[in-house]
Amino acid sequence: MSDDKAENIKNRVTEEPVDGPVDPDPNPAERDDLDASGAVEPAIAPGGRVGISEVRTGQFGVRGSGDTSGYGGLTHQVEWPAAARRPYGEGDTAWFDDVVDRLIELQPTLGELPVVVHRGELTLHIPRKQLAEVAKHLRDDAALRFEFCSGVSGVHYPHDTDRELHAVIHLVSMTHNRRIRLEVACPESDPHIPSIVPTYPAADWHERETWDMFGIIFDGHPGLTRILMPDDWPGHPQRKDYPLGGVDVEYKGATIPPPDQRRSYN
Amino acid sequence: MSATTHDPYSADPSAPAEGTVYTAGGADWDAIADAQAERGDERIVVNMGPQHPSTHGVLRLVLEIDGESVTEARCGIGYLHTGIEKNMEYRSWTQGVTFCTRMDYLTPLYQEASYCLGVERLLDIEDDIPEKASVIRVMMMELNRISSHLVCIATGGMEIGALTVMTIGFREREKVLDAFELITGLRMNHAYFRPGGVSQDLPDNALDHVKDLVAWMKKHLPEYAAFCNENPIFKRRLCDVGYMDLSTCLALGITGPPLRSAGLDWDLRKKQPYCGYETYDFDVLTHSDADAYGRFIIRLEEMYESLKIIEQCVERLEKMKGDPVMVDDPKIAWPAQLALGPDGMGNSHDHLRHIMGESMEALIHHFKLVTEGFKVPAGQAYVPVESPRGELGAHIVSDGGTRPFRAHFRDPSFANLQAMPAVAEGGMIADVVVAVASLDPVMGGVDR
Chain A
164 MSDDKAENIK NRVTEEPVDG PVDPDPNPAE RDDLDASGAV EPAIAPGGRV
214 GISEVRTGQF GVRGSGDTSG YGGLTHQVEW PAAARRPYGE GDTAWFDDVV
264 DRLIELQPTL GELPVVVHRG ELTLHIPRKQ LAEVAKHLRD DAALRFEFCS
314 GVSGVHYPHD TDRELHAVIH LVSMTHNRRI RLEVACPESD PHIPSIVPTY
364 PAADWHERET WDMFGIIFDG HPGLTRILMP DDWPGHPQRK DYPLGGVDVE
414 YKGATIPPPD QRRSYN
Chain B
9 MSATTHDPYS ADPSAPAEGT VYTAGGADWD AIADAQAERG DERIVVNMGP
59 QHPSTHGVLR LVLEIDGESV TEARCGIGYL HTGIEKNMEY RSWTQGVTFC
109 TRMDYLTPLY QEASYCLGVE RLLDIEDDIP EKASVIRVMM MELNRISSHL
159 VCIATGGMEI GALTVMTIGF REREKVLDAF ELITGLRMNH AYFRPGGVSQ
209 DLPDNALDHV KDLVAWMKKH LPEYAAFCNE NPIFKRRLCD VGYMDLSTCL
259 ALGITGPPLR SAGLDWDLRK KQPYCGYETY DFDVLTHSDA DAYGRFIIRL
309 EEMYESLKII EQCVERLEKM KGDPVMVDDP KIAWPAQLAL GPDGMGNSHD
359 HLRHIMGESM EALIHHFKLV TEGFKVPAGQ AYVPVESPRG ELGAHIVSDG
409 GTRPFRAHFR DPSFANLQAM PAVAEGGMIA DVVVAVASLD PVMGGVDR
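Sequences listed follow chains A and B, in order.
Take any residue in the first sequence, count from 1 to its spot, add 163: that is its number in the working numbering.
Take any residue in the second sequence, count from 1 to its spot, add 8: that is its number in the working numbering.
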């Protein structure tokens, strides 16, 4: 590839980075009804990750370049796993219903919470203000007995308006040999989720990592400090609007842009 | 970051410090000891690490000591954070293996396995993985368990002065790495498992090599027991050190040998089998003392169980010559019928001839598969595996694209290291080293 061509590709790509900065929140002023305690719940639907479908267009991550290849007209439908209907499980997974029923029995305010069953895994979407109580029930009730917390992981969905930041908690019941996943969401403008460390001390470092990487503040955590990045690090690296960074690499006369500026086929 | 004008490795002179700050290098510490004795202050905070031969890589231990006793202990981690999870979001699903294999550098194949199993679950091809690929995965993982436990025992021995244990430990480990090199082309960081199967079939002499390896291990593993098990110095250093009972383990999220040393036979290979582990005959070992010695014994015995599994794998693989090792779906499967060259890397001349000389469609398909990759249906999956250190799970999120939307690894070293204060506080400073070694943290996995 000649220098010209490489430069050309690079420029086209850098003009509009594929996963470039995402507009954080166009009108945060309308959020004054939310307070730090998370009193107002972000609505699960519409716009949640449960059962929505998106249409993506184009190919190669190139936009607005007058691309005449025809790929710009491609559309690609993405379906997120839909909320499950009862019965949630059958056969080996018949316990899905037992767990959900028992949890609602212990915590009636949950109502009919959104449940996703996908590829044999059970995910419960818990409203954040109820997380602490739900965690306690899950650990202490003999029929539930999820006594072991595998960890907390964060996910940033920039397009999931008002629910951009998700904390995903994996729990294990060694007594019953079961696994469930809790998913809790909060808006970027009010990134507060109650800590489960009082119930599961194992979540301590995992929550610190999720704070470090996503900026989710776990209320009630005994010492929420950065854990992997230096203490004075600005920003939260795993957010989608945080650039990967990198430098051009030259190879045999051609310049290869850093990974976040290369063509993307997403 | 703010500009650093001072020496970044010494204490910041302008920062508020509680008490006197000494910077100890490699020289004689008499002057420091004398100065401290003169001050008559018994409370000392010692930064052990991040560069210290006994802290398993770049782990920093902040110990508050009273004489020789540790009154408070905290970990400082993150020195080896390389942003692997973030990087994986910018590569295709297949390339992701190349990144996650570098997390815990002593158990590369377990990260690959957990990641691939997660991707396969999202692709819904779990039942389509060829039997031979699963057997190869199990064999490689068990070989990896042996090499990882050997390093744990070797470095643990070195840290208490048992240098022979270290030298023979690395000798045996090198034998395992030789087998890895023969089969995958690399000693470490293999990127051998791929979504859909494994990257290439076993070379012709691999099974004989593994058989010789098993024979070698059976001959040499008893040396560890002979050196250590009843060695009075070894026992006095390890027994009752790093005590952590079952309820502590469950509360702090401890898995692996530390959990089994507390008496619970929790092993995901038995409890929640993957890769067909339910079809192998092996035992899960427990101990009742919940101390560093118990964990050592468990690791030692687990290597024999791994040898049992490897023998069963070899037996099965001998009957599977020529079977496919990659899923039969051309939209996912990279060419896997590779011939290993003298440099250890595989290539398929048949495939090359086909795409370069016979079929333009095949060439286009190959090009698209390799550059663009395959799309994975939106959703999330978490498939944990029993790594030598405990539960290792990859939380994989796809947004329906050709790249991981998020890949988070629940690393057992990370979770187990949380117990460091629990096993270190109240003990002697020399026991901290033993207690941390008994948790077997690997900083590549902790920091990712």
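Each residue gets a CB set at the ideal place from its N, CA and C atoms; glycine is no exception.
How long is the line joining the alpha carbons of residue i and residue j, rounded to whole angstroms?
i                     : j                     : result
residue 438 (chain B) : residue 81 (chain B)  : 13 Å
residue 196 (chain B) : residue 106 (chain B) : 11 Å
residue 100 (chain B) : residue 143 (chain B) : 26 Å
residue 416 (chain B) : residue 395 (chain B) : 16 Å
residue 138 (chain B) : residue 92 (chain B)  : 29 Å
residue 190 (chain B) : residue 209 (chain B) : 11 Å
residue 258 (chain A) : residue 276 (chain B) : 20 Å
residue 385 (chain B) : residue 263 (chain A) : 26 Å
residue 239 (chain A) : residue 409 (chain B) : 10 Å
residue 363 (chain B) : residue 117 (chain B) : 31 Å
residue 85 (chain B)  : residue 455 (chain B) : 7 Å
residue 423 (chain A) : residue 446 (chain B) : 40 Å
residue 8 (chain B)   : residue 236 (chain B) : The structure shown does not extend to residue 8 (chain B), since chain B is modelled only from 9 through 456, so no value can be given for it.
residue 347 (chain B) : residue 380 (chain A) : 52 Å
residue 337 (chain A) : residue 310 (chain A) : 7 Å
residue 444 (chain A) : residue 397 (chain A) : No answer is possible for residue 444 (chain A): it lies beyond the span of chain A, which begins at 164 and ends at 429.
residue 87 (chain B)  : residue 67 (chain B)  : 7 Å
residue 184 (chain B) : residue 218 (chain B) : 9 Å
residue 194 (chain A) : residue 46 (chain B)  : Because the pLDDT of residue 194 (chain A) is 35, which lies under 50, any placement of that residue in the model is unreliable, and the question is left without a value.
residue 413 (chain B) : residue 387 (chain B) : 10 Å
residue 166 (chain B) : residue 207 (chain B) : 36 Å
residue 250 (chain B) : residue 357 (chain B) : 55 Å
residue 330 (chain A) : residue 414 (chain A) : 41 Å
residue 378 (chain B) : residue 344 (chain B) : 13 Å
If you measure from the beta carbon of residue i to each beta carbon in chain D, is any gap under 7 Å?
i                     : result
residue 455 (chain B) : Given the protein chain composition of this structure (A and B), no chain D is represented.
Would residue i and residue j be called neighbours here (beta carbons separated by less than 7 Å)?
i                     : j                     : result
residue 443 (chain B) : residue 260 (chain B) : no
residue 431 (chain B) : residue 252 (chain B) : yes
residue 315 (chain B) : residue 225 (chain B) : yes
residue 103 (chain B) : residue 111 (chain B) : no
residue 314 (chain A) : residue 373 (chain A) : no
residue 130 (chain B) : residue 367 (chain B) : no
residue 359 (chain A) : residue 348 (chain A) : no
residue 345 (chain A) : residue 356 (chain A) : no
residue 391 (chain A) : residue 375 (chain A) : yes
residue 245 (chain B) : residue 176 (chain B) : no
residue 420 (chain B) : residue 435 (chain B) : no
residue 162 (chain B) : residue 188 (chain B) : no
residue 319 (chain A) : residue 402 (chain A) : yes
residue 273 (chain B) : residue 256 (chain B) : no
residue 123 (chain B) : residue 108 (chain B) : yes
residue 339 (chain B) : residue 382 (chain B) : yes
residue 244 (chain A) : residue 281 (chain A) : yes
residue 201 (chain B) : residue 121 (chain B) : yes
residue 335 (chain B) : residue 205 (chain B) : yes
residue 404 (chain B) : residue 389 (chain B) : yes
residue 247 (chain A) : residue 278 (chain A) : yes
Tell me, please, which residues DSSP counts as bridged to residue i.
i                     : result
residue 334 (chain B) : B:205
residue 405 (chain A) : For residue 405 (chain A), which the question treats as bridged, DSSP gives no partner whatsoever.
residue 288 (chain A) : A:346
residue 414 (chain A) : A:417
residue 238 (chain A) : A:220
residue 74 (chain B)  : B:51, B:77
residue 404 (chain B) : B:389, B:415
residue 303 (chain B) : Note: residue 303 (chain B) sits in no beta bridge, so no partner.
Hey, would you say the C-beta of residue i is under 6 Å away from at least one heavy atom of the ligand SAH?
i                     : result
residue 360 (chain B) : Among the ligands in the structure shown, none appear at all, so the ligand SAH cannot be discussed.
Worksheet item: Between the region 84-98 of chain B and chain A, which residues of the former have a C-beta closer than 8 Å to a C-beta of the latter?
Response: Under the 8 Å Cβ criterion, the region 84-98 of chain B contributes 85, 86, 89, 91, 93, 94, 95, 97, 98.
Fill in: the region 224-236 of chain B touching the region 308-318 of chain B, judged by at least three CB pairs closer than 8 Å
Under the three-pair Cβ rule at 8 Å, the region 224-236 of chain B counts as touching the region 308-318 of chain B.
Worksheet item: Mind listing which residues of the region 354-365 of chain A have their C-beta closer than 8 Å to chain B's C-betas, in chain order?
Response: Residues of the region 354-365 of chain A with a C-beta less than 8 Å from any C-beta of chain B: 363, 364, 365, listed in chain order.
Practice prompt. For the region 388-422 of chain B, enumerate the residues whose C-beta is nearer than 8 Å to any C-beta of chain A, in chain order.
Written response: Residues 388, 389, 390, 392, 399, 401, 403, 405, 407, 408, 409, 410, 411, 413, 414, 416, 418, 422.
Item to complete: Using a Cβ-Cβ cut-off of less than 9 Å, give me the residues of the region 106-119 of chain B that come near chain A, in sequence order.
Response: Within the region 106-119 of chain B, not one residue has a Cβ closer than 9 Å to any Cβ of chain A.
Worksheet item: Which residues, in chain order, does the region 387-406 of chain A contribute to contact with chain B at a C-beta distance below 9 Å?
Response: Within the region 387-406 of chain A, the qualifying residues are 389, 390, 391, 392, 393, 395, 396, 397, 400, 401, 403, 405.
Worksheet item: With contact counted as at least three CB pairs below 8 Å, one residue from each stretch, are the region 386-401 of chain B and the region 275-290 of chain B in contact?
Response: The answer is yes - the region 275-290 of chain B touches the region 386-401 of chain B, with three or more Cβ pairs under 8 Å.
Practice prompt. Please name the residues in the region 266-291 of chain B whose beta-carbon is closer than 9 Å to at least one beta-carbon of chain A, in chain order.
Written response: Against chain A - using a Cβ distance shorter than 9 Å - the residues of the region 266-291 of chain B are 272, 274, 279, 280.
Worksheet item: Quick one, which residues of the region 287-320 of chain A are near chain B if we go by CB-CB under 7 Å, in chain order?
Response: Answer in chain order: 310, 311, 312, 313, 314, 316, 318.
Discussion item. By the 7 Å beta-carbon criterion, what residues does the region 403-427 of chain A contribute toward chain B?
Written reply: Of all residues in the region 403-427 of chain A, 407, 422, 423 have a Cβ within less than 7 Å of some Cβ in chain B.
Worksheet item: In chain order, what residues of the region 330-347 of chain A put their CB closer than 7 Å to some CB of chain B?
Response: Listed by position, the residues of the region 330-347 of chain A near chain B (Cβ gap below 7 Å) are 331, 333, 337, 340, 344.
Worksheet item: Taking a cut of 8 Å between CB atoms, which residues from the region 237-261 of chain A lie near chain B?
Response: Hits within the stretch, in order: 239, 241, 242, 243, 244.
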